[in-house]
Structures are given as C-alpha cells and as structure tokens.
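If you want my numbering, it's the position in the sequence shown, counting the first as 1, plus 108. Data block below; observations after.
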Amino acid sequence: MAPQRFPEQFDQIQRSMPDVPLAMGPDDAAEFIYEKGVVLARDGEEAALVENTVRDHFTAATGLSGDQVRRAGPQTNRSGITRIQVGDPGHGDRRADRAVANALRAMREPEGRAGRRLVSRNHVVSIAVNSCPGDEPVPAPLTGGTNPAPAEAGYDAEGAVGVLVIDNGLTHDHTLVPLLSHVQGDLHGTETDDQGNLKIYVGHGTFIAGIVAAVAPNTNITVRNTLNDAGAILESDFGEALFAAVDRDGWPDIISLSAGTSNGRTDGLLGVDAFMRELRQQRTLLVAAAGNNASATPFWPAAYASLPDYADSVLSIGALRTDGDHGACFSNHGSWVNAYAPGERLTSTLTGFDAPIPYVYQHSTYDACRFNFTYLCTCQHPRHTGVLSDDGSSAKPDQVMFDGYAHWSGTSFATPAAAALVAAHMTAHKETDPRAARKQLLAANTEFAEVRGAHVPALIPPTWRQGTVVQLSAGA
C-alpha cells in the first residue's frame, strides 16, 4: 500500500475525518493508514506504563518533548484500550509520524520483558483497501439479474439464520427490492454530494446484503452503518462499535465483515482484542475479508483465523477472479486465508430503483494494478476502463447512472458469498452451530483453485455464473 497507490483513498478518508490527522505507515513503507500523534494501550496499568515510559524517553531524547505525552481520551471503555497522545498531530506530513514511531521504539524493551505487545498505532480500519479506488461499481441491467442468482429456497422466519453485516448501511430505496425483503438495519444517511452524485462507497452494504440474500434466502440480515466515514473507522473506535452492534440485537449466528487493516504484525489488533476475546466465548462465526492489497501480510481481523485461539470462530476469505480458476489480482493471500470465493464482477443490488442516481468515477492516476501474475487489472496510468477485469469492448465514461443493479469487484463481496454458504449449509443440514457448519462446509468442499501457485479451497455458490477473463499483455 505504497503512498502513490492510494492517494484518492487516503484523501477520501481524511476528508471524512477532518479532525483526525492521518499518516500512512509504517514509517516510509505505507501499508496502512493511522492516526498521527496518538498510540493505543490497554486500560489500567499498561496504559500508565506506556504513558510514563514514552514521556521519560522523549524527555531524555534530542528533538523530542515529553510535555505533550498524556491521555487523549477516556481511561476505561468497553474495548479496553486508551488513546495516548505522544506528539503534535499537526506536525509533519502524511508519509510518517516521528512521534508515533519513537513512542513504539521506546516500548520495545518493556515489551520484550513482558513477552507481549503493550502499544500500537491507532490504525484506520476500512472497507476500501483496494488498489483501484473508485473504479467500480459499474451499472448492470436489471434484465440480467444478479450473480450469484437467487437460490430457490424457502424462508422460515423462526428458523432463519441470523447474519449481521458490519458495513456502511443501506441505501434509502433498498425496500423496493424483493430480494431484500428480509433485510433490516441502518440507512447509510447522506448518499449524494452537493451536485447530486452518489458518494464514494455508498451502496456497499446494500450490495453485500443482496449477495447474502441471493445465496442464502433463509436468512435474517441486519446491516449496520458502522463504517460510515468513507467506509472507515479508527481502530480505537472499532472495538466499541462492534460491541454496540451485537448489543443491539444480541450475538448473531454469523457476522460478515468486509473491512480491516494490516498492521505489520502477526498478533492482531489491540483495538479489537477485547471484542475478539468475547467472540471466542460466543457461538457466533466471524466471516472476514482478507483484503484487497494483493499482499500476503496478515490482514486483521481476518487473519485471526490463523491464530489457534480463534481458528474455530473466524473464517478468512480471499477473492477469486471472474472465471473462478485463480485468485483475483487484488485479493490478499497467504496461509492465514482459509478459503476463496468469487469476488470479481459480481452483480447485486445497489441503488437508484426509485430514480436513477449519477456517479462520477474517481479514476486512479497511477499504475496501481500491475502485478506480475496470471493477468493484469485494467487500471492503467493515466486512464483505464473503470473495471478491474474488462472485456475490452469499450471504455466507461466519467459519469454513469445507477438505476438498481451494479457490477462490483472486491474481496468485500467474496466474504458475504462465503458467509451465505455457511448459512445455507446450516439450513440444509439443520445445523444450529455456525462454527460446526464452518468446519463441515470446508471438510465437504470439493472445489479448489490456484492462487499464487497454491492449491486452495474455493467456496462456490451454486447459482454463481462464471465469466471470461481477458488476458492482458504486459505492456497493456
């Protein structure tokens, strides 16, 4: 996630969080976005240790000041973490934050003695970790239906599987879609800008709900607008928001989460540690997206699936390309990904059913999708067609009109497809334990695909239709 890859995504999040100065890190290698001037620590004694150690280190160091080191929020909360200010958030630029980097270094020796992490950056958790921000969705004709198509199965309100979608809410007109008749939750809120154009990532939660409903009709789906700042939230707020979501209606059978962040570590996110420990004690299955950075670096919370304590409670999902034969070029990968599902050029519900809504593409200006495997994405410098895997027939205009359905690509959408397959398995086999259903589904699976040379499980919805991938030349 180098700085030149994500200027638009960074700017979108920064504009949505105007009072939170952000930087890309770690240091000079931008793999994630985080809050400047602030670190996280666990409540209580550990927070006091971090605060005192960093203050002493900065006081003794040349060019650093201990005067600004102090608590920057409540000392106790449901997520069990405290924000500690370590420097001036307005100092420096987006490339790094010297105060945060030095605070982390100051804690290395205490962490070594403790044998575990005591401090963390305050990362941005986002639905939009994609090398081609704003290039999709693209309109899809209503006559073509959805892909996956709706399964022919009944709905039993009493026996329906509960699915909680943690995302950016529902579009205002989602109730006009029969497929979403068993969907409830939060509206996105403001959907268009001052010119009446659809704002970036609006419809993401609705699109995901449509995929779940198509693959697993016997579901009660709730969509929350947890990620409503351009699809993002600070790690310090994320754990609290997850607790709030399950508190509203109780712990569901399945949580579908198409968001996360890397953090350069292999031991999870400090900000969701309390939630993950509580999840472990419940029966809920978390199905989480592996991310869209085309990286093997662990992406959290999905990568909790690789930690022994969470292996049964988390299902980590990567994305397959439109023909299902290989991993989509944008999909994260690695041993921590449990399985892959179709995630490229899916078709689902979006918005514009009551009146068409225009959308202006935020075209990438960098050669962000040139990856050296299988095939190339089409977001090429200086322009591109606006889709991740184009058929080469025509270039898309700068502005399009949505009047219902859309094509959209991303690991975001492979995730609800897999979550729905678990739900459908529960219904078909009268299985009431979603974690048992996860295990049974993977054990019975006979579909496989090749991802970066590895033979991996492929979870394919029965109603999904394969598409054609056009191989692009290296100089395309």
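The beta carbon of each residue, even a glycine, is placed where N, CA and C say it ideally should be.
Check	Outcome
Of all the beta strand (DSSP E) runs that stay within the bounds of the stretch 285-348, which reach a length of 3 or more residues?	291-293, 327-332, 340-342
To the nearest angstrom, how far is the alpha carbon of Ala525 from that of Ala265?	21 Å
Here's the rule: buried if 16 or more other CB atoms are within 10 angstroms of the residue's CB, otherwise exposed. What is Gly198?	exposed
Report yes or no: do the stretch 385-396 and the stretch 300-313 share at least 3 C-beta pairs separated by less than 8 Å?	no
In terms of alpha-carbon separation, which member of Trp444, Asp201, Val273 lies closest to Leu130?	Asp201
Report the CB separation of Val530 from Ile362 in whole angstroms; it is logged as a contact under 8 Å.	6 Å
Between the stretch 139-154 and the stretch 369-376, do three or more beta carbon pairs fall short of 8 Å?	yes
Alpha carbon to alpha carbon, how far is Arg491 from Asp357?	Legend: pLDDT at Arg491 = 36, less than 50; position of this residue unreliable, no value from coordinates given.
Closest by CA to Gly435, which one among Pro409, Asn400, Ser414, Ala419?	Asn400
State the Cα-Cα distance for the pair Ala88 and Gln176, rounded to the nearest angstrom.	No answer is possible for residue 88: it lies beyond the span of the chain, which begins at 109 and ends at 584.
Enumerate, from N- to C-terminal direction, the unbroken beta strand (DSSP E) stretches of 3 or more residues contained entirely within the stretch 147-206.	189-193
Mind reading off the beta-carbon distance from Val291 to Ala528? Whole number of angstroms is fine, and I expect it under 8 Å.	The pair is not a contact, with the Cβ atoms about 13 Å apart (cut-off 8 Å).
Report the residue from Thr334, Val395, Ala259, Pro245 whose alpha carbon sits nearest the alpha carbon of Thr455.	Pro245
Per DSSP, what kind of secondary structure is Thr405 in: helix, strand or coil?	coil
By Cβ distance below 8 Å, which residues in the same chain neighbour Gly181 in space, the five residues on each side in sequence not counted?	Thr190, Arg191, Ser344
Rounding to the nearest angstrom, what Cα-Cα distance links Asn326 and Ser289 in this structure?	11 Å
Under the DSSP definition of a beta bridge, which residues are partnered with Glu555?	According to DSSP, Glu555 bridges with nothing at all.
Is Tyr142 helix, strand or coil when you go by DSSP?	strand
Alpha carbons only, please: which of Arg225, Ser439, Leu378 is nearest the one belonging to Thr523?	Ser439
Helix, strand or coil, according to DSSP, for Gly460 in the structure here?	coil
What's the C-alpha gap between Pro450 and His441?	14 Å
Near Met509, what residues of its chain come up, given a Cβ to Cβ distance below 8 Å and the 5 sequence neighbours on each side ignored?	Pro247, Gly460, Pro464, Ile465, Pro466, Tyr467
Would you call the stretch 335-355 and the stretch 160-174 touching, i.e. three or more CB-CB distances under 8 Å?	no
To which residues does DSSP link Trp516 through a beta bridge?	Leu454
Can you give me the C-alpha to C-alpha distance between Thr482 and Ser424, rounded to a whole angstrom?	Confidence in Thr482 is poor, its pLDDT being 31 and thus under 50, which makes the residue's placement unreliable; the coordinate value appears in the next sentence. For Thr482 and Ser424, the distance between alpha carbons rounds to 23 Å.
Among Gly145, Ser124, Ala532, Asn185, which has the Cα closest to the Cα of Val380?	Asn185
Name the two residues that bound the continuous beta strand (DSSP E) containing Phe510.	507-510
Any contact between the stretch 262-279 and the stretch 327-342? By contact I mean 3 or more CB pairs, one from each, below 8 Å.	yes
With a threshold of 16 other CB atoms inside 10 Å of the CB of Pro256, please say whether the residue is buried or exposed.	buried
Please report how far the alpha carbon of Ala447 lies from the alpha carbon of Pro565, in whole angstroms.	5 Å
Flag this pair as yes or no: are the beta carbons of Asp275 and Ile319 separated by less than 8 Å?	no
Would you kindly work out how many angstroms separate the C-alpha atoms of Trp516 and Thr170, rounded to a whole number?	51 Å
Pick from Ala261, Ala349, Val422: whose alpha carbon is nearest that of Ala545?	Val422
Please list, in chain order, all residues of the same chain as Ser614 whose beta carbon is under 7 Å from its beta carbon, the five residues on each side excluded.	Because the chain spans 109 through 584 in this model, residue 614 falls outside it and cannot be assessed.
In whole angstroms, what is the alpha-carbon distance linking Ser497 and Asp431?	Because Ser497 sits at a pLDDT of 41, beneath the cut-off of 50, its placement in the model cannot be relied upon, and the following sentence gives the value as read from the coordinates. Distance between the alpha carbons of Ser497 and Asp431 is about 11 Å.
When we look at the beta-carbon of Ile568 and count the other beta-carbons within 10 Å, is it buried (16 or more) or exposed?	buried
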